[in-house]
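If you want the working numbering, it's the position in the sequence shown, counting the first as 1, plus 43.
Glycine included, each C-beta is placed from N, C-alpha and C at the ideal position.
Remember, it's a predicted structure, so these values are computed and weren't measured experimentally.
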Amino acid sequence: MSSTDRDVDHALAYPEPSASPLWHRHGAKARPLTPAQQRRNRELLVLAQKRPTRPRSPRPTNTLAEASR
């Protein structure tokens, strides 16, 4: 059986980059939310999803060069 380019395992061709130091938490672990905090977060989420978003103001039709004249 001959080895061709299609048979090469590309996962082994390049080593995995090291993890970012930002992915690791240093110091105290985060405390779990209390049931009251979880309930408040759910209520706020429901309110935010019900509230209509503000309409965006229309963009001006002038180009930057025309507006600076």
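Span of the alpha helix (DSSP H) around residue i
i	result
proline 78	78 to 93
Distance between residue j and residue i (C-alpha atoms, nearest Å)
i	j	result
alanine 91	proline 58	44 Å
histidine 69	glutamine 81	25 Å
asparagine 84	proline 75	13 Å
lysine 93	alanine 73	30 Å
leucine 88	alanine 71	27 Å
Beta carbon proximity, residue i to chain C, threshold 8 Å
i	result
arginine 97	The question asks about chain C, but that chain is absent: this structure has only one protein chain.
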